[in-house]
Ligand SMILES: [Zn+2]
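In structure tokens form, the structure reads like this:
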């Protein structure tokens, strides 16, 4: 069994995972977050001392990963944005007000982005129109799937569903049964979004990553290992920024 908690050292926030089977201490830095694996009995002062001695390496990894996020693999190359893994061509224009319009009735779907002539910061406004569009697409998909999965999992509906842009989490669930999802998921395939939904809904029963939790995830989403691997490999690339 593994016990997991969030720790705040003077240097950085890290997740501490204690396990009975573990004899040594190890660190993993992934997606800009630090996880420390330790034996059950390891004293926190000793762990912190050890972390201080490793802080140079840890900070270097964190820095490298933040650079990775900043040199995003722009999805807007060729003026296209990925929506549920499908490319949509962007068409920029002007109009009486700022709005987006999706034309799906073509071989190549297009998203028309219109700016009112009064807009000063055009890049920022195009960006927020794209975000508004993606937000709506993702929200309606998630709302539909949450309802379906809640029936399958015999789980009451969450108290709320919110969508934000996060740097290093795909979703979250708290004691008040409020779920959040990362807006960047709008570019991921439906199957990956389904995994994040099942993951968060499983947290309604288990607010941890225990074996029982993963068993529940596996029951309703058997290929969860492939999905977590996909997110690790492609997660940093799910960005849309107009350059
Ligand atoms: Zn989780």
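Numbering (UniProt numbering), first residue to last: 1 to 243.
Cβ atoms here follow ideal geometry from the backbone N, Cα and C, with glycine treated the same way.
Do you know how far the Cα of residue j is from the Cα of residue i?
{"i": "residue 16", "j": "residue 173", "result": "19 Å"}
{"i": "residue 27", "j": "residue 129", "result": "40 Å"}
{"i": "residue 291", "j": "residue 225", "result": "Residue 291 lies beyond the range of the chain shown here (1 to 243); nothing can be said about it."}
{"i": "residue 90", "j": "residue 43", "result": "55 Å"}
{"i": "residue 22", "j": "residue 47", "result": "14 Å"}
{"i": "residue 244", "j": "residue 231", "result": "Outside the shown range of the chain (1 to 243) lies residue 244, about which nothing can therefore be said."}
{"i": "residue 118", "j": "residue 100", "result": "16 Å"}
{"i": "residue 221", "j": "residue 59", "result": "35 Å"}
{"i": "residue 125", "j": "residue 81", "result": "16 Å"}
{"i": "residue 167", "j": "residue 180", "result": "13 Å"}
{"i": "residue 18", "j": "residue 210", "result": "12 Å"}
{"i": "residue 68", "j": "residue 233", "result": "With a pLDDT of 48 at residue 68, under the threshold of 50, the modelled position of this residue cannot be trusted, and the question is left open."}
{"i": "residue 141", "j": "residue 54", "result": "43 Å"}
{"i": "residue 149", "j": "residue 45", "result": "43 Å"}
Beta-carbon within less than 7 Å of residue i's beta-carbon, same chain only, minus the 5 sequence neighbours each way: which residues are those?
{"i": "residue 70", "result": "With a pLDDT of 39 at residue 70, under the threshold of 50, the predicted position of this residue should be treated as unreliable, though the coordinate-derived value follows. There are no such residues."}
Using alpha carbons as the reference points, say which of the options lies closest to residue i.
{"i": "residue 79", "options": "60, 111, 54 and 52", "result": "111"}
{"i": "residue 24", "options": "160, 33 and 40", "result": "40"}
{"i": "residue 178", "options": "203, 193 and 223", "result": "203"}
{"i": "residue 120", "options": "94, 195, 147 and 148", "result": "94"}
{"i": "residue 229", "options": "137, 196 and 122", "result": "196"}
{"i": "residue 171", "options": "56, 199, 38 and 125", "result": "199"}
When the cut-off is 8 Å and only beta carbons count, does residue i lie next to chain B?
{"i": "residue 130", "result": "The chain inventory of the structure shown lacks chain B, comprising one protein chain alone."}
Take residue i and list the residues in its own chain whose beta-carbon comes closer than 8 Å to its own, dropping the five residues that flank it on each side.
{"i": "residue 206", "result": "212, 213 and 216"}
{"i": "residue 159", "result": "176, 177 and 178"}
{"i": "residue 147", "result": "157"}
{"i": "residue 137", "result": "83, 84 and 186"}
{"i": "residue 106", "result": "none"}
Taking Cβ to Cβ, would you say residue i is nearer than 8 Å to residue j?
{"i": "residue 184", "j": "residue 193", "result": "no"}
{"i": "residue 191", "j": "residue 227", "result": "yes"}
{"i": "residue 83", "j": "residue 157", "result": "no"}
{"i": "residue 139", "j": "residue 201", "result": "no"}
{"i": "residue 109", "j": "residue 115", "result": "no"}
{"i": "residue 143", "j": "residue 161", "result": "yes"}
Identify, in the order they occur along the chain, each residue of the same chain with its Cβ nearer than 6 Å to the Cβ of residue i, setting aside the five sequence neighbours on each side.
{"i": "residue 92", "result": "113"}
{"i": "residue 97", "result": "116"}
Could you please go through the chain and list the residues whose beta-carbon is closer than 6 Å to any non-hydrogen atom of ligand 1? 199, 203 and 209
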